[in-house]
Structures are given as C-alpha cells and as structure tokens.
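Just so we're aligned: 383 in the working numbering is position 34 of the sequence shown, and the numbers increase by one with no gaps anywhere.
Just so it is clear, CB atoms sit at the ideal spot from N, CA and C, and this is done for glycine as well.
Source: prediction; values computed, not measured.
Notes follow the structure.
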Amino acid sequence: MLRSAFTGLALALGAALALAQTVPKPFLGNWKVEWQTERQSYSAVMEVTETGGSWQTAATSRANPCWGRKVPMRHDSVTPGSLDITLMFSDVIADCKNATVKLRLDDQGNVSGKRSGFELQMKRD
Numbered sequence: 350m351l352r353s354a355f356t357g358l359a360l361a362l363g364a365a366l367a368l369a370q371t372v373p374k375p376f377l378g379n380w381k382v383e384w385q386t387e388r389q390s391y392s393a394v395m396e397v398t399e400t401g402g403s404w405q406t407a408a409t410s411r412a413n414p415c416w417g418r419k420v421p422m423r424h425d426s427v428t429p430g431s432l433d434i435t436l437m438f439s440d441v442i443a444d445c446k447n448a449t450v451k452l453r454l455d456d457q458g459n460v461s462g463k464r465s466g467f468e469l470q471m472k473r474d
C-alpha cells in the first residue's frame with residue numbers, strides 16, 4: 350500500500366512538472382502597452398516574469414475603481430510561441446472582472462498581443 354502511494358505521488362509530481370513550462374525570453378520584461386476600444390484609448394505598463402508579473406493601466410476612473418490599480422498576472426498557457434495571461438483584477442477588488450492578454454511571437458522574434466480581443470501596441474520599456 351505504501352509503495353502504491355509513493356507511485357501515485359511520483360506520477361502526480363511528474364505531471365505537475367510537465368505542465369510547468371518556462372516562459373520564452375522574448376516575452377519577459379517590462380512593456381509599455383497601448384490599445385483602442387470602441388470608446389477610448391488606453392495605456393498600461395506590463396511586467397512579465399517567469400512566474401506571473403503585473404499590469405497597471407494608466408487611466409483612473411471614479412466610475413470604475415478597477416482601473417489604475419496594479420494587478421497580478423497569472424500565466425494560463427505557455428508555448429514557445431505564445432503566452433496566455435489572466436489579469437487578476439478580482440484579486441485586488443472582489444467585484445472587478447479579470448481580463449485576458451494573449452501574447453504571440455512571430456518568425457522574426459517580434460511580440461504582439463491582444464487584450465480582451467483588442468490589438469495591443471507594445472514597446473519594451
């Protein structure tokens with residue numbers, strides 16, 4: 350019985366390690382980000398780290414207390430050419446909605462992205 354418990358633990362650990370992938374270097378670092386919605390232009394600062402990172406939108410709003418706060422990021426999916434991220438607004442204020450960022454790496458090594466479906470203009474900071 351003890352042997353089967355160790356076998357199960359070893360398999361679970363192996364599966365967890367297989368899921369943990371290193372973020373490709375082109376995505377890592379500090380970025381200045383701009384995007385346009387139907388209503389307004391926005392800018393933010395994004396820091397991508399091996400384990401997550403942070404996002405802070407430059408705009409503030411009395412109507413939306415979620416804007417302007419520095420929020421943690423969670424890596425949802427990592428491949429050699431992509432990084433899918435969730436901006437964890439709900440970790441900062443319970444009623445705030447999380448947002449998604451999808452980063453892609455092209456054949457020339459350029460990083461592009463989308464935030465909740467809107468194209469991001471990205472520059473290294």
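Over what stretch of residues does the alpha helix (DSSP H) that includes PHE467 continue unbroken? Run containing PHE467: none in the alpha helix (DSSP H); it sits in the beta strand (DSSP E), 467-473.
Could you spell out where the beta strand (DSSP E) holding ASP425 opens and where it closes? 419-428
Give me the DSSP bridge partner(s) of GLN385. SER390
Can you look up ASP433 in the DSSP assignment and give me helix, strand or coil? strand
Since LEU436 and TRP404 should fall inside the 8 angstroms C-beta cutoff, what is the C-beta to C-beta distance between them, to a whole number of angstroms? Right, their Cβ atoms sit about 5 angstroms apart.
Inspect the CB distances between the region 452-472 and the region 368-386 and report whether three or more fall short of 8 angstroms. With a cut-off of 8 angstroms, the region 368-386 and the region 452-472 count as touching, because enough Cβ pairs lie within range.
With a cut-off of 8 angstroms on the beta carbons, I'd call VAL460 and PHE376 a contact; round off their distance for me. 6 angstroms
Kindly indicate which residue of ASP455, LYS463, MET395, PRO414 has the alpha-carbon position closest to the one of ASP444. PRO414
Taking just the CA atoms, how far does ASN447 sit from ASP455? 26 angstroms
So, at 7 angstroms on beta carbons, what are the nonlocal neighbours of VAL427 in its own chain, with the 5 sequence-adjacent residues on each side left out? GLN370, VAL372
DSSP three-state call for VAL460: helix, strand or coil? strand
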